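A.B. asks:
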Amino acid sequence: NQRLAGKRAIVTAAAQGIGRASALAMADAGAQVFATDVNAAALAELTHENIEVFALDVRDDASVHEGISRAKPDVLFNCAGFVHHGTAIDATDDEWDFAFDLNVRSMWRMMKAALPGMLERGGGSIVNMSSACSSVIGAPNRFIYGTTKAAVIGMTKSVAVDYITKGIRCNCICPGTVESPSLEERLHALGEQVGGYEEAKKQFVARQPMGRIATADEIAALVVYLSSDESGFTTGQPHIIDGGWSG
Ligand code: NAD
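Residue numbers (UniProt numbering): 3 to 249.
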């Protein structure tokens, strides 16, 4: 199914996890994909005839502008984000500033750079990575993370409303827990507090009523849908894909 044929798509944080799976799924759907990340070494392993890779740091204005001029995207998938562990008491100023810069401001940076081209070309679709842990649901020890991901939902709605008559849609996605390299790191870290990796994994699985964690490919399928014209009547929405966690 070539439902993204003729579209140019840029993906941030595409070296691993959901970003990587989404870049591959978009490429399989016929898009010309620009897969970007700060981890150039891991990116180099992403090979597909429709994928071009280059380093892009979403926290750096010059890097963002260079990447957008090169990709000239019809589709922007803002995937980069970081998970902090801890409560409101644990959180530090530095962690807060870092998280808001990487999880929220970077998406604004990318959209601000990409929107003029989309307006010129008469349309576009933006997909921002939020989380079920946001304004949708609270999760333990996700104070900074949940706060930033709630901000992504607000930002998404604001952009959607401003460009709704210009052919540009802006949605965000709110996954539950998804298999990824950084999830593995979080499971190992939690395992040290709760008596091992397996116990940590059991706790994460227990909060998913389906009794399992999502695969990155399951999330990528939603990203492809929201990027394509098939989703032409949806904008400004958080799309929850959480195995029934918030249901
Ligand atoms: P991950 O956390 O394993 O990988 C993140 C990638 O981001 C890495 O390749 C890293 O190099 C890249 N990155 C870090 N800083 C960057 C920067 N400044 N510029 C560009 N790239 C940068 O991948 P994941 O777990 O699939 O998470 C991707 C997104 O999905 C994040 O926004 C995360 O919050 C969100 N999310 C993840 C889950 C989950 O359970 N895995 C659930 C909901 C939402």
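By construction, the Cβ of each residue, glycine as well, lies at the ideal position given by its N, Cα and C atoms.
Because the structure is a prediction, the values reported are computed rather than measured.
Going by the DSSP bridge assignment, what does Ala11 pair with across the sheet?
C.D. replies: Beta-bridge pairing links Ala11 to Val35 and Val77.
A.B. asks: Which same chain residues, not among the five before or five after Ala44, have their C-beta less than 8 Å away from its C-beta?
C.D. replies: Around Ala44: Ala17 and Gln18.
A.B. asks: Please return the same chain residues whose Cβ sits closer than 7 Å to the Cβ of Asp103, not counting the five positions on each side in sequence.
C.D. replies: Arg61.
A.B. asks: Inspect the beta-carbon positions of residue 259 and Phe36 and report whether they are closer than 9 Å.
C.D. replies: This structure does not reach residue 259, given that the chain is present from 3 up to 249, and the question cannot be answered.
A.B. asks: By DSSP, does Phe84 sit in helix, in strand, or in coil?
C.D. replies: Correct three-state label for Phe84: coil.
A.B. asks: Would you call the stretch 179 to 188 and the stretch 143 to 156 touching, i.e. three or more CB-CB distances under 8 Å?
C.D. replies: In short, these stretches do not touch, since the Cβ pair count stays below three.
A.B. asks: Quick one: what's Arg171 bridged to in DSSP?
C.D. replies: Per DSSP, Ser127.
A.B. asks: Apart from the five residues on each side of it in sequence, which residues of its chain come closer than 7 Å, Cβ to Cβ, to Ser182?
C.D. replies: So the qualifying residues of the chain are Gln18, Gly19, Ile20 and Ala218.
A.B. asks: Please give the ranges of any beta strand (DSSP E) in the stretch 161 to 237, keeping only runs that are unbroken, at least 3 residues long and fully inside the region.
C.D. replies: 170 to 177, all fully within the stretch 161 to 237.
A.B. asks: Straight-line CA distance for Leu228 to Gln239?
C.D. replies: Going by the C-alpha atoms only, they are around 10 Å apart.
A.B. asks: Report the rounded CA-to-CA distance for Asn173 versus Ile70, giving the unit in angstroms.
C.D. replies: In a straight line, the C-alpha of Asn173 is about 19 Å away from that of Ile70.
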